[in-house]
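2 protein chains.
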Amino acid sequence: MRKVAIIGVGMTKFGELWDKSLRQLLVESGLEALEDASEKRTLRGKDIEAAYIGNMSAGLFNEQEHLAAMLADYTGMTEGNRPATKVEAACASGGVALYNAYLAVASGRYNIVAVCGLEKMTDLLSGSVTDALVSAADREYEAFYGVTFPSLYAMMARRHMHDYGTTLEQLALVAVKNHRNGYYNPKAQFRRLITVEDVYRSPVIADPLRLLHCSPVSDGAATIILADAKTAKKYTDRLVYILACAQASDTLGLYNRKDLTTMESVVSASKVAYETARLKPKDIDFVEAHDCFTIAEIMAYEDLGFCEKGRGGKMIEEGLTEIDGEIPFNPSGGLKAKGHPVGATGVAQAVEVVLQLREEAEQRQVKGAKIGMSHNIGGTGSTAVVTIYGRDV
Amino acid sequence: MRKVAIIGVGMTKFGELWDKSLRQLLVESGLEALEDASEKRTLRGKDIEAAYIGNMSAGLFNEQEHLAAMLADYTGMTEGNRPATKVEAACASGGVALYNAYLAVASGRYNIVAVCGLEKMTDLLSGSVTDALVSAADREYEAFYGVTFPSLYAMMARRHMHDYGTTLEQLALVAVKNHRNGYYNPKAQFRRLITVEDVYRSPVIADPLRLLHCSPVSDGAATIILADAKTAKKYTDRLVYILACAQASDTLGLYNRKDLTTMESVVSASKVAYETARLKPKDIDFVEAHDCFTIAEIMAYEDLGFCEKGRGGKMIEEGLTEIDGEIPFNPSGGLKAKGHPVGATGVAQAVEVVLQLREEAEQRQVKGAKIGMSHNIGGTGSTAVVTIYGRDV
Chain R
1 MRKVAIIGVG MTKFGELWDK SLRQLLVESG LEALEDASEK RTLRGKDIEA
51 AYIGNMSAGL FNEQEHLAAM LADYTGMTEG NRPATKVEAA CASGGVALYN
101 AYLAVASGRY NIVAVCGLEK MTDLLSGSVT DALVSAADRE YEAFYGVTFP
151 SLYAMMARRH MHDYGTTLEQ LALVAVKNHR NGYYNPKAQF RRLITVEDVY
201 RSPVIADPLR LLHCSPVSDG AATIILADAK TAKKYTDRLV YILACAQASD
251 TLGLYNRKDL TTMESVVSAS KVAYETARLK PKDIDFVEAH DCFTIAEIMA
301 YEDLGFCEKG RGGKMIEEGL TEIDGEIPFN PSGGLKAKGH PVGATGVAQA
351 VEVVLQLREE AEQRQVKGAK IGMSHNIGGT GSTAVVTIYG RDV
Chain X
1001 MRKVAIIGVG MTKFGELWDK SLRQLLVESG LEALEDASEK RTLRGKDIEA
1051 AYIGNMSAGL FNEQEHLAAM LADYTGMTEG NRPATKVEAA CASGGVALYN
1101 AYLAVASGRY NIVAVCGLEK MTDLLSGSVT DALVSAADRE YEAFYGVTFP
1151 SLYAMMARRH MHDYGTTLEQ LALVAVKNHR NGYYNPKAQF RRLITVEDVY
1201 RSPVIADPLR LLHCSPVSDG AATIILADAK TAKKYTDRLV YILACAQASD
1251 TLGLYNRKDL TTMESVVSAS KVAYETARLK PKDIDFVEAH DCFTIAEIMA
1301 YEDLGFCEKG RGGKMIEEGL TEIDGEIPFN PSGGLKAKGH PVGATGVAQA
1351 VEVVLQLREE AEQRQVKGAK IGMSHNIGGT GSTAVVTIYG RDV
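Protein chains in written order, with our numbering: chain R, 1 to 393; chain X, 1001 to 1393.
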């Protein structure tokens, strides 16, 4: 397998983008990535040999399927009739797109591949976004009985509290930290500081989770350009390498799991990623994690191997995952503050890791970051993608 | 790139399957494929190293996304937390799943990969199937103005009639032929003979296309198992090789095309496929083509290089594409008679090609078939996948 580099990144602002269409978001992030890659030589849409797009459900949100064709069309790839593939794995759609694009370059099949993540959730014509999102759980055996994603994660939170004594304060601190980081991210949906008291005062969504434990409904897109090492150097000297990328599956339904507080898919994917990169948790300088709900970030501390099972609550309490802590989590603000356009998230995480490793993250910069990680999950952890990146030094 | 073989195939009956759920269809076709591959040694779900699933819109049809997790779950792949990927490219979803799985094995990343195609269209809770399907066209610039897929293909048909003198009788003969072939396919949705008069008497859908020019709304699933040549021989001696598989893109909207009667994606993908396999149209013994509407099969004759542009109508009139003709098209009955569960179609085509090449197609067998082709398109040809298969002789 060949060494794979990220040569360009682009991302729209995340938020409720009423004035931008699905297509505009796609184009805006794509053009930014092409421009970003064109340091030494201009990278044009028609230089892209294949493209992958991660999107959860433009069918339900925008009544528009076939986004890969739209991507090919609007990046000029149709000139050579190049292949474009849409993948879907709920909120891990972006990560799965990244994984497949990574394989396509690593295997030698293509030299330059674009990976786009895209979701416009505020266009929904009928029903609720929560209804659309629960299509990522088991419709027949879970959603049919009234479960929603907040309630699925509420069950994980309750069980974690029961088994390990995790507290409401520890959960709240995750949201407080991510809002603090997001405050410095110009592309974040929410740029305001919150307190533990604010979290306690926010309305209950699914006990014990309140509004400020939940990531928001968002629109947005992110694009990265991958290339093999040799091709990469023709375009830019600011290279970030993908040292490992691993994807794993678990049961579709939460009801089938051995343990509600462990995502086996994350444990498995991170194990493969660490082995491939020949690294250990202590070698990682920061993580962009999938904090769709605060409990998910605490479970990520544990499942990714940064602490023992059950110690996640202590990690945030002791400030270890703050931006100047031992292992910063979500310097971007995470899904909580940066926003969570579901299909875009996995790619947006890669964008942040690249900016951090290039030391271009300005006020939210993790000092001296050389190795970064992203952690993207779909549903209740039915799909997980864990990626390790390293800067070219 | 390594040689890739198909070691097992499975397919449900196609039709309005009110008594079977999305999950049951997935499992039924998967188990049949596993059993079919277990000639010399038992292939179990947990032996599958990665899986791809093609589905257009279980989100819109069944309110169930995240089908790759369902596939992993119900094939036992979660035991090793193996990766499963859902791809979507409208009616080419199955073909795109096949293309990506083919690359995954050919590149050496995985030795045994499952490819499933699945759609259950009759479960739609609200709106019409036609509305759901038009999400494969350009929602903002086409569908918004009232266009539907029958009307998009009707425009292609009218233009073909205008430019090349293609007749209503020639279009009707495609449906008559495919119903004749489907009559002998035990898994086909429609097993009844029709006449040109029947086509003329059927109601107008989008002039000049009548009901019997259109493929039906269907439920169904198909699964094939791919393996590298060495692994393949451990499981079975009945090997069919993929000699080439190529995917291509064109504009999302029909309004952007240079010529309404040529699908550039098909021309391009078939060119790559012929070159890769080092074969010419005259070497192909039969084709499973994407006859979503009768005009699409006539355009396929031309775009795949079996006749000159504009001669497609003559091909069917002269009987050249009959099952005992020069180049049989759709011995399975095609989408018209076999049925068209959209995401399943690309994989179901591969199933038919394998059965034909193994000489297991009973009364619809193409005599002496050694090289087969499948042609799977999405939307109005915005995505195309062309695959060439050869039996092990």
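Beta carbons: idealized from backbone N, C-alpha and C, even for Gly.
Below 7 Å on C-beta distance, what does residue i contact in chain A?
{"i": "X/Lys1086", "result": "Looking for chain A here will not work: the only protein chains present are R and X."}
Compute the distance between the beta-carbons of residue i and residue j, then report whether it is under 8 Å.
{"i": "X/Gly1378", "j": "R/Ala69", "result": "yes"}
{"i": "R/Gly220", "j": "R/Leu34", "result": "no"}
{"i": "X/Leu1193", "j": "X/Arg1180", "result": "yes"}
{"i": "R/Phe286", "j": "R/Ala369", "result": "yes"}
{"i": "R/Ser21", "j": "X/Ala1072", "result": "no"}
{"i": "X/Ile1048", "j": "X/Met1077", "result": "yes"}
{"i": "X/Pro1083", "j": "X/Ala1058", "result": "no"}
{"i": "X/Glu1119", "j": "X/Asn1055", "result": "yes"}
{"i": "X/Ala1106", "j": "X/Val1240", "result": "no"}
{"i": "R/Gly94", "j": "R/Thr345", "result": "yes"}
{"i": "X/Ala1222", "j": "X/Val1385", "result": "no"}
{"i": "R/Thr294", "j": "R/Ala206", "result": "no"}
{"i": "R/Ala132", "j": "R/Leu17", "result": "no"}
{"i": "X/Ala1143", "j": "X/Val1342", "result": "no"}
Shortest alpha-carbon distance to residue i belongs to which of the options?
{"i": "X/Ala1273", "options": "X/Gly1343, X/Ala1244, X/Arg1159", "result": "X/Ala1244"}
{"i": "R/Leu357", "options": "R/Thr276, R/Gly325, R/Ile242, R/Val385", "result": "R/Ile242"}
{"i": "X/Ser1029", "options": "X/Met1001, X/Cys1116, X/Ile1006", "result": "X/Cys1116"}
{"i": "R/Ala246", "options": "R/Met373, R/Arg23, R/Arg41", "result": "R/Met373"}
{"i": "R/Asp283", "options": "R/Gly390, R/Lys234, R/Ala269", "result": "R/Gly390"}
{"i": "X/Ile1316", "options": "X/Val1196, X/Ser1126, X/Gln1365", "result": "X/Val1196"}
{"i": "X/Glu1140", "options": "R/Met161, R/Thr148, R/Asn62, R/Val199", "result": "R/Asn62"}
{"i": "R/Lys233", "options": "R/Glu32, R/Gly127, R/Asn111", "result": "R/Asn111"}
{"i": "X/Gln1365", "options": "X/Val1129, X/Glu1322, X/Ala1089, X/Val1027", "result": "X/Glu1322"}
{"i": "X/Arg1109", "options": "R/Asp237, R/Glu288, R/Arg2", "result": "R/Arg2"}
{"i": "X/Lys1309", "options": "X/Leu1279, X/Ile1225, X/Leu1260", "result": "X/Leu1260"}
{"i": "X/Gly1305", "options": "X/Val1342, X/Ala1289, X/Val1267, X/Phe1329", "result": "X/Val1267"}
{"i": "X/Ala1037", "options": "X/Ile1225, X/Val1347, X/Tyr1183", "result": "X/Ile1225"}
{"i": "X/Ala1229", "options": "X/Phe1014, X/Val1027, X/Tyr1102", "result": "X/Tyr1102"}
Quick test of your reading: residue i and residue j, contact by CB under 8 Å. State the CB separation rounded to the nearest angstrom.
{"i": "R/Val113", "j": "R/Tyr52", "result": "7 Å"}
{"i": "X/Val1354", "j": "X/Val1009", "result": "5 Å"}
{"i": "R/Ser265", "j": "R/His340", "result": "About 19 Å separates the two Cβ atoms, so there is no contact after all."}
{"i": "R/Gly334", "j": "R/Glu297", "result": "7 Å"}
{"i": "X/Cys942", "j": "X/Tyr1301", "result": "The structure shown does not extend to residue 942 of chain X, since chain X is modelled only from 1001 to 1393, so the question has no answer here."}
{"i": "X/Pro1216", "j": "X/Arg1210", "result": "So it is not a contact: roughly 13 Å between Cβ atoms."}
{"i": "R/Leu254", "j": "R/Met155", "result": "7 Å"}
{"i": "R/Ala137", "j": "R/Thr383", "result": "Actually they are not in contact, since the Cβ atoms of R/Ala137 and R/Thr383 sit about 12 Å apart, beyond 8 Å."}
{"i": "R/Gly312", "j": "R/Thr166", "result": "7 Å"}
{"i": "X/Tyr1235", "j": "X/Ile1007", "result": "5 Å"}
{"i": "X/Val1134", "j": "X/Met1121", "result": "Actually they are not in contact, since the Cβ atoms of X/Val1134 and X/Met1121 sit about 13 Å apart, beyond 8 Å."}
May I ask which residues mark the beginning and end of the beta strand (DSSP E) holding residue i?
{"i": "X/Asp1259", "result": "Careful: X/Asp1259 lies outside any beta strand (DSSP E) and carries neither H nor E."}
{"i": "R/Glu88", "result": "84 to 88"}
{"i": "X/Met1011", "result": "1004 to 1011"}
{"i": "R/His375", "result": "371 to 378"}
{"i": "X/Glu1119", "result": "1112 to 1120"}
Could you spell out where the alpha helix (DSSP H) holding residue i opens and where it closes?
{"i": "X/Lys1234", "result": "1229 to 1235"}
{"i": "R/Gln349", "result": "345 to 357"}
{"i": "R/Arg391", "result": "Segment 383 to 391 is the beta strand (DSSP E) holding R/Arg391; no alpha helix (DSSP H) there."}
{"i": "X/Leu1243", "result": "Looking at the DSSP string, X/Leu1243 is not in any alpha helix (DSSP H); the run it does join, the beta strand (DSSP E), is 1240 to 1249."}
{"i": "R/Ile295", "result": "294 to 303"}
{"i": "X/Val1096", "result": "1093 to 1106"}
{"i": "X/Ala1337", "result": "1334 to 1338"}
{"i": "X/Phe1061", "result": "1058 to 1062"}
{"i": "X/Ala1069", "result": "1067 to 1074"}
{"i": "R/Ile316", "result": "312 to 317"}
{"i": "X/Ala1154", "result": "1149 to 1164"}
Any heavy atom of the ligand ZN inside 7 Å of the beta-carbon of residue i?
{"i": "R/Glu326", "result": "You won't find the ligand ZN in this model; it holds no ligand whatsoever."}
Check each residue of the segment 1062 to 1081 of chain X: if its Cβ is closer than 9 Å to any Cβ of chain R, include it; give the result in chain order. Within the segment 1062 to 1081 of chain X, the qualifying residues are Asn1062, Glu1063, Gln1064, Glu1065, His1066, Leu1067, Ala1068, Ala1069, Met1070, Leu1071, Ala1072, Asp1073, Tyr1074, Met1077, Thr1078, Gly1080, Asn1081.
Mind checking the segment 1230 to 1254 of chain X against chain R and listing, in chain order, the residues whose C-beta falls within less than 7 Å of any C-beta there? Cβ contacts with chain R come from Gln1247, Ala1248, Ser1249, Asp1250, Thr1251, Leu1252.
Taking a cut of 9 Å between CB atoms, which residues from the segment 364 to 389 of chain R lie near chain X? Answer in chain order: Gly378, Gly379, Ser382, Thr383, Ala384, Val385.
Contact residues within the segment 1111 to 1138 of chain X, judged by C-beta distance below 7 Å to chain R: Correct list: Ser1135, Ala1136.
Interface residues of the segment 171 to 202 of chain R facing chain X [CB-CB below 9 Å]: Those would be none; no residue qualifies.
Short-range partners of chain X found in the segment 19 to 47 of chain R, where Cβ spacing is below 9 Å: Answer in chain order: Ser21, Leu22, Arg23.
Contact set between the segment 1338 to 1366 of chain X and chain R, restricted to residues whose Cβ is under 7 Å from the partner: Look at the segment 1338 to 1366 of chain X: it has no residue with a C-beta under 7 Å from a C-beta of chain R.
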